[in-house]
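K.L.:
Got a structure for you, questions after.
Numbering (mature numbering (1 follows the signal peptide of the UniProt record, and there is no 0)), first residue to last: -17 to -1, 1 to 93.
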């Protein structure tokens, strides 16, 4: 009896946790990918809701051999209507994002 009640409550909890609506799929309206024999690449796409993405990877000489350096950007419309754009580079020194929406560090006062 108790097992049946517990199983029923578990089933109700799972059903309640399911999304009550599904968003319509957003179409990809433009997609381009170019890759060379060394796996350097350029990727771009744009969606039907105006979001866009671009990423480029190229090999550059580094102190311990070649390094794949990436750069790119992506943009989307925020719920408040602003267009959020993030640009970045990623290299042997790490990931370096820039964008007006990102917080800016304040120099330390000594």
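Where a beta carbon is used, it is the ideal one built from N, C-alpha and C, also for glycine.
Just confirm the distance between the C-beta atoms of residue 9 and residue 32, as a whole number of angstroms; I'd bet it's less than 8 Å.
P.N.:
Confirmed, Cβ separation roughly 5 Å.
K.L.:
How is residue 99 classed by DSSP in three states: helix, strand or coil?
P.N.:
Residue 99 lies beyond the residue range present for the chain, which begins at -17 and ends at 93; the question has no answer from this structure.
K.L.:
Taking C-alpha atoms, which residue in 58, 30 and 37 lies nearest to residue 7?
P.N.:
Residue 7 has its Cα closest to that of 30, out of 58, 30 and 37.
K.L.:
Does the distance from the CB of residue 77 to the CB of residue 69 come in under 9 Å?
P.N.:
Cβ atoms of residue 77 and residue 69: not closer than 9 Å.
K.L.:
I need the straight-line Cα distance from residue 53 to residue 92, nearest angstrom please.
P.N.:
Straight-line Cα distance between these residues: approximately 34 Å.
K.L.:
I'd like to confirm the pairing. Which residues does DSSP put opposite residue 60 in its beta bridges?
P.N.:
BP columns for residue 60 point to 66.
K.L.:
Give the C-beta separation of residue 39 and residue 58 to the nearest angstrom, bearing in mind that I take them to be a contact with Cβ-Cβ under 8 Å.
P.N.:
Not really, about 16 Å apart at Cβ, beyond 8 Å.
K.L.:
Where residue 46 and residue 87 are concerned, what is the direct C-alpha to C-alpha distance, given to the nearest angstrom?
P.N.:
If you take the alpha carbons of residue 46 and residue 87, they lie about 31 Å apart.
K.L.:
To which residues of the same chain is residue 16 closer than 6 Å at the C-beta, ignoring the five residues directly before and after it?
P.N.:
Only 26 meet the Cβ criterion.
K.L.:
Can you tell me whether DSSP reads residue 74 as helix, strand or coil?
P.N.:
It is a strand residue.
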